[in-house]
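> Mind having a look at this structure? Questions to follow.
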Amino acid sequence: MPYFERLDADTFRPTTHVGGAWHHEEQHIAPALGLLVHAVETDRDARRDDGLVIGRLSYDILGTVPLAPCDVTVAVIRGGRTIELVEAVLGHDGRAIVRLRAWLMRPGDTDAHAGTPLVSIEPPEALEAWDPSSVWPGGFIASVEVRRKQVDTGRAVYWVRTTHPLVVDEQVSALASVAGLLDIANGMAVRADPREVAYPNLDLTAHFFRQPTSRWIGFDTSVSFGPDGVGVTSSILHDVVGPIGTQSQILTIRPF
């Protein structure tokens, strides 16, 4: 079963695999983030054929998403021959819920200069399988496979993948599939028991210096809580070849 079913050009219905971790009647935001990337790429390919790649994904999460059909709209904010800024918005009942702004850039041959000081993590097969539903409820959490090593409180290295397609009967890029898993980071390196403290993220920003080449997405994640109700979840992102980028999420910390 996929995460979404397209009802028309702009409307998508979530399946049970999109069920949220904080509240069962809400969507987990992760699949929606992938859906917005798919919408941006679909719009790009309908307008141009020069293969612009996405280098940055910046999401603002404006509210909770019900387990109900949602609309997706796409607009070019800053057009250009070599770079574009594109906005995609997920909404429900006339209300914008998630806004994505993505920078698209013309690719080029820089292989002679490629490199990073970021250190690769252990491959998926080197880590033990871990059941995230032992900590988190919800359809999305139950839909993913996780291999994980807890390093310290609020620090973990792990790999995530899913066998469920993002949208039924549609070809979806590796980047869109990976983007649909990124938001899981805030729950994989737990600093506080979610039965005692809520710490939802208000945003997610990911930068990619290389496009992903595998359905496995690896994370080296650290979670920090400040003394005044604000936290940050920071991750280095990997595919099976090595590091591909970074991401961060701002948290609102709410003890029960």
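Heads up: the sequence shown is residues 980 to 1235, going by this note's numbering.
Backbone N, C-alpha and C fix where the C-beta goes; we use that ideal spot for every residue, glycine too.
Keep in mind it's a predicted model, so treat the numbers as computed, not measured.
Using a Cβ distance threshold of 8 angstroms, determine whether the region 1034–1046 contacts the region 1175–1190, with at least three qualifying pairs required.
Short answer: they touch.
> Along the chain, where does the beta strand (DSSP E) containing Leu1230 start, and where does it finish?
Within the sequence shown, the letter at position 251 stands for residue 1230. Run containing Leu1230: Pro1222 to Thr1231, per the beta strand (DSSP E) assignment.
> Do you know whose CA, among Ser1201, Ala1047, Glu984 and Pro1096, lies nearest Gly1133's CA?
Position 154 of the sequence shown, counting from 1, holds the residue named residue 1133. When each option's Cα is compared against that of Gly1133, the closest is Ser1201.
> Rounding to the nearest angstrom, what Cα-Cα distance links His1003 and Leu986 in this structure?
The sequence position of residue 1003 within the sequence shown is 24, counting from 1. The sequence position of residue 986 within the sequence shown is 7, counting from 1. In a straight line, the C-alpha of His1003 is about 23 angstroms away from that of Leu986.
> Anyone know if the C-beta pair for Gly1210 and Ile1223 falls short of 9 angstroms?
Looking up residue 1210 in the sequence shown gives position 231. Looking up residue 1223 in the sequence shown gives position 244. For Gly1210 and Ile1223, no; Cβs fall outside 9 angstroms.
> Which whole-angstrom value is the C-beta distance of Val1157 and His1017, which I expect to be below 8 angstroms?
Taking the first residue of the sequence shown as position 1, residue 1157 is located at position 178. Taking the first residue of the sequence shown as position 1, residue 1017 is located at position 38. The pair is not a contact, with the Cβ atoms about 11 angstroms apart (cut-off 8 angstroms).
> Taking the alpha-carbon positions, what's the Ala1177 to Leu1154 distance?
Locating residue 1177 in the sequence shown gives position 198, where the first residue counts as 1. Locating residue 1154 in the sequence shown gives position 175, where the first residue counts as 1. Distance between the alpha carbons of Ala1177 and Leu1154 is about 29 angstroms.
> Runs of 3 residues minimum, wholly inside the region 984–1071: which ones carry the beta strand (DSSP E) assignment?
Counting whole runs of 3 or more residues, the region 984–1071 contains the beta strand (DSSP E) stretches 990–993, 1032–1040, 1049–1057 and 1062–1071.
> Leaving out five residues on either side along the sequence, give the residues of the same chain with a beta carbon under 6 angstroms from the beta carbon of Phe1198.
Indexing the sequence shown from 1 puts residue 1198 at position 219. Excluding sequence neighbours, Phe1198 sits near Tyr1137, Ala1164 and Ser1214.
> I want to know whether the region 984–1001 touches the region 1088–1098 - three or more CB-CB distances under 8 angstroms.
Too few Cβ pairs lie closer than 8 angstroms, so no.
> Rounded to a whole number of angstroms, what is the C-alpha to C-alpha distance between Gln1190 and Val1123?
Position 211 of the sequence shown, counted from the start, is the residue given in the question as residue 1190. Position 144 of the sequence shown, counted from the start, is the residue given in the question as residue 1123. Approximately 21 angstroms between the Cα atoms of the pair.
> Compute the distance between the beta-carbons of Glu1063 and Leu1031, then report whether it is under 9 angstroms.
The sequence position of residue 1063 within the sequence shown is 84, counting from 1. The sequence position of residue 1031 within the sequence shown is 52, counting from 1. Yes. Within cutoff.
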